[in-house]
Each structure stands twice: as C-alpha cells, then as structure tokens.
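A.B. asks:
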Amino acid sequence: MRYVVTGAAGFVGSHLLRALLERGHDAVGWDAFTDYYDPALKEENAAGLPVERLDLVDDPLELEGVDGVFHLAGQPGVRSFGAVFPVYVRENILATQRLLEAAARAGSRVVFASSSSVYGDAETYPTPEQAVPAPLSPYGITKLACEHLASACGRELGLDWVTLRYFTIYGPRQRPDMALARIVSCLVEGRPFELYGDGSQSRSFTFVDDAVEATIAAMERGRAGATYNVGGGEEATLLEAIETLGRIAGRRLEVVRRPRREGDARRTSADTTRIRADLGWAPATSIERGLEAQWRWAADRVAAA
Ligand SMILES: NC(=O)c1ccc[n+]([C@@H]2O[C@H](COP(=O)([O-])OP(=O)(O)OC[C@H]3O[C@@H](n4cnc5c(N)ncnc54)[C@H](O)[C@@H]3O)[C@@H](O)[C@H]2O)c1
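What the sequence shown shows, in my numbering, is residues -13 to 291, in sequence order.
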C-alpha cells in the first residue's frame, strides 16, 4: 500500500513509519520539524527514514495515488493555555483541515491521532468512546475540533476516516516533555525530578509498539467514521511509575514537589472494548517491560554520547 505518515519525525510517527516500511509498504513521512521540543531530537528520530520536510499549513499537499494517510502531525502537550494557544490552532486545527480536505479530494483514507485529552476529567472510568467529551486543556479542545472536522469532511466531502484516541504513549524516543521521559532523564543524569501535583494522577500508559499495532490495524480494518480508544491494559499513578523506574534503574529519584499544572486530568483510563471487538487489538506490553525498554534506550543513548 502507498501511505503517508504526517509527524513522522516525531515520537510515535517515527516508530510507525519504520514499522510500515518493515512490513513492505511504500511509505513516506512528512514533518515540519517544529521547535515544540529540540528539532535535533526529531532529526535523530528520522535518521534513515524517508521523511520530507513539509509544513501541512503552508505547503502543497499532494496525495494523488496515496491509499492512506496516518495523520499524527500536531502540537502536543496539555499545557496550552496562554500565549501558545495560536500555535495549537495552527498545528492542529489549520493543519488538519488542509490535510483532511486534500485526502478527501484524493480519495485517501485517513487515520487521525486524537487524544484521551478530549475526555478531560471523564464522566466514567474506564472511559468508553461514547462518553461526553469535556476537555480541560486548549490542546484537548483543538483535538476535539479536529475530530469534528473529520466527521464533517466525511459527511460532506466523502472522506473515509478513522479516529484514534491515544492514551499516554511511552517507550524509546518518548517526547522529552512527557512525565516518564523526564523521570528517566533525571534518573540517568542524577538530577531531581519536579513532580507537578501529588503524584496520584493516573494514566492508561500505552507502550509505543502497541500503539503502532493499533494504528496500522485501524488503517487496515477500522470501521469508516469510527472512533477507537488506544490505551494500555494497566493503569498506574505517577508515583507507581516513579517507583518502578527507580527499581529498574537501581537508583533513587529525588522528587521536588510542585503545584498541579492546569489542563492535567486527574485520571485517564481507557475502555478498549470497541477496539478489541472491531480490530482484534489488545495491548501486549506490561508497564514493567515497557518501562525497562524506555530505560534501556535512554541509558544506552547517554552511554553512547
Ligand atoms: N504521545 C502521546 O502520548 C499522545 C497522546 C495522545 C495524542 N497524541 C497525538 O499523537 C500525535 C503524535 O504524538 P507524538 O507524541 O509523537 O508528538 P511529536 O511532537 O513527537 O510528533 C508530532 C510531529 O508533528 C510535527 N508537526 C507539527 N506541526 C506540523 C505541521 N504543521 N506540518 C508538519 N508537521 C508538523 C512536529 O514537528 C512533530 O515532529 C500528535 O498529534 C499528538 O497530539 C500523542
């Protein structure tokens, strides 16, 4: 199949593009190498991969002959109140609107990377897809807007699309702003970790290889117009993750407490009944094994530097 992966120099996109190529697909990546975090890390992620430098907002989007687009490009991170909001509007809403319309014109299927952030502090746990979305962060609101754009393009322009709501993905090359990546780098470098909130916030942590499997399955066999939660099988609090990583690393993490940051949900917990039934997907990686892989990657990287 001919595929395009947007955001292919990012954390999840680079894993996905590599997996597609390994399976023999004809796949290329598009990425603008934005500076949300150090673009040098994105160069590292994309090393050896066919990633074109392209901005979804400004550049021509040529999708003729492309069977499917995995749309992962965007501005991530829930800390999105204030002066940064226009960036979220640009990289999420404007970029997605252009991409979806180009895909509808070309007849390419789109799998869109939305987020558990659309649920906010959800009305039920584990949270099924039909729960009423109530995002707490401007980021979550832009992702929800993108979901609605996809649905409008489906109804009005004939777009074939599937929405995935990713729940906190982790593993090698995780974005450096994410909590587990920050914990790992503090452990590797022997620095204190700034913990926002009391650490009892919990997440359905999802290992990146499992997220990639779900994403490819959604392209291959997802129901047109369906939304699927992509969430790990085990939920853990941040304090539990700190403990597990400390044990794996054989080191004690010094924790400096900071107030909770706005936009952060207290809990995310994925109800994965629908994706299990429709796609036969289930998370395969335990938190212990996944964190070991992330720790090993980070420790090796520092040792090699
Ligand atoms: N990592 C998670 O836990 C998680 C959870 C929920 C949703 N998501 C979503 O999944 C997607 C991938 O997340 P990630 O953690 O790999 O993020 P990431 O920041 O590592 O990757 C996103 C990539 O998109 C690129 N990009 C941004 N704006 C662009 C534009 N206008 N044109 C082209 N490229 C552009 C960036 O340069 C970046 O490389 C994002 O859309 C994110 O919102 C991620």
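For glycine and all other residues, C-beta sits at the position ideal for the given N, C-alpha and C.
Under the criterion of a Cβ to heavy atom distance below 8 angstroms, does W16 qualify as lining ligand 1?
C.D. replies: As a working mapping, residue 16 is identified with position 30 in the sequence shown. Yes, Cβ of W16 sits closer than 8 angstroms to a heavy atom of ligand 1.
A.B. asks: Which residues in the same chain as F179 place their Cβ atom closer than 6 angstroms to its Cβ, once the five residues preceding and following it in sequence are excluded?
C.D. replies: Locating residue 179 in the sequence shown gives position 193, where the first residue counts as 1. Closer than 6 angstroms at Cβ, skipping near neighbours: I169, C172, L239 and V241.
A.B. asks: Return helix, strand or coil for R95, following the three-state DSSP convention.
C.D. replies: As a working mapping, residue 95 is identified with position 109 in the sequence shown. Residue state, collapsed to three classes: strand.
A.B. asks: What does the Cβ neighbour count give for Y48, buried or exposed, with the cut at 16 atoms within 10 Å?
C.D. replies: Within the sequence shown, residue 48 is the residue found at index 62, counting from 1. One detail in the question is off: residue 48 reads as Glu in this sequence, not Tyr. Answer is exposed; the Cβ neighbour count stays below 16.
A.B. asks: If L35 sits next to R76, beta carbons under 8 angstroms apart, how far is it from one beta carbon to the other, in whole angstroms?
C.D. replies: Locating residue 35 in the sequence shown gives position 49, where the first residue counts as 1. Locating residue 76 in the sequence shown gives position 90, where the first residue counts as 1. Their Cβ separation, rounded to whole angstroms, is 25 angstroms, which puts L35 and R76 out of contact at 8 angstroms.
A.B. asks: Considering Cα atoms alone, identify which of Q187, Y111 and A59 is closest to T128.
C.D. replies: Here the question's residue 128 lines up with position 142 in the sequence shown. When only C-alpha atoms are compared, the closest one is A59.
A.B. asks: Please work out which residues of its chain come closer than 6 angstroms, Cβ to Cβ, to E220, disregarding the five sequence neighbours upstream and downstream, and give them in chain order.
C.D. replies: In the sequence shown, the residue the question calls residue 220 occupies position 234. Closer than 6 angstroms at Cβ, skipping near neighbours: I273.
A.B. asks: Comparing C-alpha positions only, which one of E8, G176, Q61 and E29 sits nearest to A285?
C.D. replies: Looking up residue 285 in the sequence shown gives position 299. It is G176 whose Cα lies nearest to the Cα of A285.
A.B. asks: Might you give, ordered along the chain, the residues of its own chain that have their beta carbon closer than 7 angstroms to the beta carbon of E199, omitting 5 neighbours on each side?
C.D. replies: By one-based count along the sequence shown, residue 199 stands at place 213. W267.
A.B. asks: The beta strand (DSSP E) with R244 in it runs from where to where?
C.D. replies: As a working mapping, residue 244 is identified with position 258 in the sequence shown. Note, R244: beta strand (DSSP E), V241 to R244.
A.B. asks: Give the range of the beta strand (DSSP E) segment to which E38 is assigned.
C.D. replies: Working through the sequence shown from its first residue, we reach residue 38 at position 52. It spans V37 to R39 - the beta strand (DSSP E) in which E38 sits, taken as one unbroken run.
A.B. asks: Throw me the rounded Cβ distance for the L27 and P162 pair, which I believe falls under 8 angstroms.
C.D. replies: Position 41 of the sequence shown, counting from 1, holds the residue named residue 27. Position 176 of the sequence shown, counting from 1, holds the residue named residue 162. About 7 angstroms separates the two Cβ atoms, so the contact holds.
A.B. asks: To the nearest angstrom, report how far apart I234 and P112 are at their CA atoms.
C.D. replies: Translated into positions along the sequence shown, residue 234 becomes position 248. Translated into positions along the sequence shown, residue 112 becomes position 126. Each residue's Cα considered, the two are about 28 angstroms apart.
A.B. asks: Just checking my contact of V97 with M205 at CB under 8 angstroms: how many whole Å lie between their CB atoms?
C.D. replies: In the sequence shown, residue 97 corresponds to position 111, counting from 1. In the sequence shown, residue 205 corresponds to position 219, counting from 1. With 8 angstroms as the limit, V97 and M205 qualify as a contact, their Cβ atoms being about 5 angstroms apart.
A.B. asks: Measuring CA to CA, which of G217, R207, L122 and I202 is closest to E248?
C.D. replies: In the sequence shown, residue 248 corresponds to position 262, counting from 1. Checked all of G217, R207, L122 and I202; the closest Cα to E248 is L122.
A.B. asks: Where do the ends of the alpha helix (DSSP H) carrying E344 lie?
C.D. replies: Any question about residue 344 goes unanswered here, given that the chain covers just -13 to 291.
A.B. asks: Rounding to the nearest angstrom, what Cα-Cα distance links R9 and M(-13) in this structure?
C.D. replies: The sequence position of residue 9 within the sequence shown is 23, counting from 1. The sequence position of residue -13 within the sequence shown is 1, counting from 1. Looking at the two C-alpha atoms, the distance is approximately 10 angstroms.
A.B. asks: Within 10 angstroms of the Cβ of D196, are there 16 or more other Cβ atoms? Answer buried if so, exposed if not.
C.D. replies: Sequence index remark: in the sequence shown, residue 196 carries index 210 (1-based). By the neighbour-count rule (16 or more Cβ atoms within 10 Å), D196 is buried.
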